[in-house]
Amino acid sequence: MEALKKNPSWKGRRGPVVLVIMDGVGYGKYKEGDAVADSKMYNLRALREKSPNTKLKAHGTAVGLPSDDDMGNSEVGHNAMGCGRVFNQGAALVSKSIETGAMFEGRAWKEITSNVKGGAAGRSPTLHFIGLFSDGNVHSHLDHLKAMIAQAKKEGVKRVRVHILFDGRDVGETSALEYVDPFEAFLKEESAGGFDAKIASGGGRMWITMDRYGADWSMVERGWQTHVTGSARRFASVREAVETYRKEIPGIIDQDLKEFVIAEGGRPVGTIEDGDSVVYFNFRGDRSLEITAAFEEDKFDKFNRGRRPKVCYAGMMEYDGDLHVPRRYLVSPPSIDRTMGEYLAATGVRTLAISETQKYGHVTYFFNGNRSGKFDDRLEDYVEIKSDVIPFEQRPWMKCAEITDQVIEAVISGKYDFIRLNYPNGDMVGHTGIYQAVVCSMEAMDIQLGRLAKAVSEAGAIMVITADHGNSDDMFEHDRKTGEVSRKSDGTPKAKTSHSLNPVPCIVYDPGYRGEYPNEPKEGSLNEGLGISSIAATCIQLLGYTPPEDYDKSALKI
22 MEALKKNPSW KGRRGPVVLV IMDGVGYGKY KEGDAVADSK MYNLRALREK
72 SPNTKLKAHG TAVGLPSDDD MGNSEVGHNA MGCGRVFNQG AALVSKSIET
122 GAMFEGRAWK EITSNVKGGA AGRSPTLHFI GLFSDGNVHS HLDHLKAMIA
172 QAKKEGVKRV RVHILFDGRD VGETSALEYV DPFEAFLKEE SAGGFDAKIA
222 SGGGRMWITM DRYGADWSMV ERGWQTHVTG SARRFASVRE AVETYRKEIP
272 GIIDQDLKEF VIAEGGRPVG TIEDGDSVVY FNFRGDRSLE ITAAFEEDKF
322 DKFNRGRRPK VCYAGMMEYD GDLHVPRRYL VSPPSIDRTM GEYLAATGVR
372 TLAISETQKY GHVTYFFNGN RSGKFDDRLE DYVEIKSDVI PFEQRPWMKC
422 AEITDQVIEA VISGKYDFIR LNYPNGDMVG HTGIYQAVVC SMEAMDIQLG
472 RLAKAVSEAG AIMVITADHG NSDDMFEHDR KTGEVSRKSD GTPKAKTSHS
522 LNPVPCIVYD PGYRGEYPNE PKEGSLNEGL GISSIAATCI QLLGYTPPED
572 YDKSALKI
């Protein structure tokens, strides 16, 4: 890797460049439901008013997703910011692989299907699918699942069981049955000619299976017991399970639905047994690694797995390219090279990356192009502040103060040239759908922005403020045609828990500015029409270097 070239027309500042990623904070399209605009964010507004700024695109094709109807997410957002270019991402790669048939010609698919075509007398080996059950296209897509089931039948697989994880986060918060009913109709239609396909178990994505960063392994344990051993409350149908939990727990949304098993004749219809195959069909990596470890690792100490079936396991994609996890995967991930972090390390730039557990992997692994570990241990420090294991609406300030404490110390120390941090508040609290909690989270974060801005000014540093996607800026469901707020039967707004399609901020706060570049303090004074991939070139320029030629254009007019 070659070092970056010095920019002869710009020498940088005395202090570091500080990249602040306000996760899930965008510019709302609608006044009603925009918790960002509705919050008293005095510091953010002051910084925007006295600094050059613009709006960046953070969804769809700007972050490598198939179309501009697709919401951005933290994974692809940090990929784009970290590598300075746009790579086709998980959803697009999987869709293309299915469309061309490449997935079904691959070694992994052939292994998982051939494994369940035989079997001992009296037993039908089963192909199991586990994953997020929606068309949100952030972690998975139902069309991918349907295509694999149809192909499995075509190839002679006789028995399929599906273990569903309700979404309610990237789609409507209580939309579960809108997906269940047509999917069960699809399974019924496919189940002919000796083919047997059923839903076997499930639960909400924030209750079972889909933990990340080791924040709460009990979620994975509940998922394991549900999917593998069938040790969960039993119901005759998925609809019965959903309706029962909604009745017993008023106000519960899909992502929090409790675990369940479908039973016939008093027995679970689809436990995972020796000789079966299992596909985890999420394409996004962060919430796939832990359940994968439970299936694949021999030395596993996170919980007692009890009976560990001998199965042929595959992930939809390779979730960790450095550790090669899982061992078997259906679609190769994008090969992201020459990231900003790698260039900075080759140039001798001293770097700090910091967040709390919920977003630590984003400012490290995803920012570095899906790469575990550091590029240079001597130059890079990574700091993880442990997240609270508690519903985020109960602690909406999360760890933004603790993050800021350490960043201020780092800014003043003079030890680093580049610091990147992620405040998770707007995304993690935004996903709860609790409006009051989101406002609280925004105002708590804003206090920390004020503290950080003061330290940046005193240290002669520069602060770039942006986001990876929108979320807290769009907290109510709106009618797509009229823009009117969708309301519940009691007249209150229907909460929206998914990401938005809104643009995000790009604010360059440079208190030591001395006329080195155009710096008019108004919206649109930076280059317009850009995506968040421009953040890499922007930061490289502010550090006093020339961005690589093929990096997307900087927001600065240097």
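Count along the sequence shown from 1, then add 21; that gives the number in the numbering used here. Cβ atoms here follow ideal geometry from the backbone N, Cα and C, with glycine treated the same way.
A distance below 7 Å between beta-carbons, with the five flanking residues on each side excluded, links Glu-176 to the following residues of its chain, in chain order: Thr-134. In the structure shown, Lys-209 adopts helical secondary structure according to DSSP, grouped into three states. Sequence-distant partners of Asp-55 (beyond 5 residues in either direction) whose C-beta falls short of 6 Å from its own C-beta, in its chain, are Gly-49 and Asp-494. Asp-467: member of the alpha helix (DSSP H) spanning 456-480, first to last residue. The shortest CA-to-CA distance from His-452 to any of Asp-467, Ala-123, Val-525 and Gly-193 is the one to Gly-193.
Just so you know, the alpha carbons of Glu-401 and Pro-289 end up roughly 50 Å apart. For Arg-305 against Val-159, the beta-carbon gap comes to about 7 Å, under 8 Å, which counts as contact. Met-22 and Asn-389 have their alpha carbons spaced roughly 14 Å apart. Bridge partners of His-184 according to DSSP: Ile-151 and Ser-222. Note on the region 395-449: whole alpha helix (DSSP H) runs with a minimum of 4 residues are 421-434 and 446-449, in chain order. As DSSP reads the structure, Thr-372 sits in a beta bridge with Glu-401 and Phe-439. Annotation: Leu-77 to Glu-570 spans about 20 Å, alpha carbon to alpha carbon. Within its own chain, the residues whose Cβ lies closer than 7 Å to the Cβ of Ala-315, once the five positions on either side in sequence are excluded, are Val-241, Trp-245, Phe-321 and Arg-326, listed in chain order. Taking all protein chains in view, the Cβ of Tyr-63 is surrounded by fewer than 16 other Cβ atoms within 10 Å, so the residue is classified as exposed.
Rounded to whole angstroms, the Cβ separation of Phe-216 and Lys-174 is 5 Å, and the two are in contact under 8 Å. Each residue's CA atom was taken as its position, placing Met-361 and Leu-564 some 12 Å apart. Where Ser-298 is concerned, the enclosing beta strand (DSSP E) starts and stops at 298-301. Between Cys-421 and Asn-446, the C-beta gap is smaller than 9 Å, which places the two residues in contact.
DSSP places Tyr-234 in the coil class of the three-state scheme, outside both helix and strand. C-alpha of Gly-214 to C-alpha of Lys-179: approximately 9 Å in a straight line. Counted as a single uninterrupted DSSP element, the stretch harbouring Thr-559 is not any beta strand (DSSP E) but the alpha helix (DSSP H) occupying residues 555-563.
Per DSSP, Glu-285 lies in no alpha helix (DSSP H); the unbroken beta strand (DSSP E) holding it starts and ends at 281-285.
Taking a contact as a CB-CB distance under 8 Å, the pair Met-337 and Tyr-364 does not count as one, their CB atoms being some 30 Å apart. In this model, Phe-125 and Glu-132 are separated by some 10 Å (Cα to Cα). A buried status is given to Val-259, since no fewer than 16 other beta-carbon atoms sit within 10 Å of its beta-carbon.
DSSP assignment within the region 303-385 yields the following whole alpha helix (DSSP H) runs of 4 residues or more, N-terminal first: 310-317, 361-368 and 378-382.
When DSSP states are grouped into helix, strand and coil, Ala-83 belongs to the helix group. If the five residues before and after Pro-87 are omitted, its C-beta is found closer than 7 Å to the C-beta atoms of Ala-112, Ala-113 and Ser-116, all from its own chain and listed in chain order. The way I'd put it, the region 339-353 doesn't touch the region 553-562; fewer than three beta-carbon pairs between them come closer than 8 Å.
Pairing Asn-303 with Leu-310, the inter-Cα distance amounts to about 10 Å. Sequence-distant partners of Val-97 (beyond 5 residues in either direction) whose C-beta falls short of 7 Å from its own C-beta, in its chain, are Val-84, Gly-85, Leu-86 and Gln-110.
When DSSP states are grouped into helix, strand and coil, Thr-518 belongs to the coil group. Using a Cβ distance threshold of 9 Å, Val-41 and Tyr-386 do not count as a contacting pair. In the three-state DSSP reduction, Met-124 falls in the helix class (H, G or I). Distance from the CA of Met-231 to the CA of Leu-208, rounded to the nearest whole angstrom, comes to 24 Å. Within the same chain, and ignoring the five residues on either side of Ile-119 in sequence, the residues whose Cβ sits closer than 6 Å to its Cβ are Ala-168.
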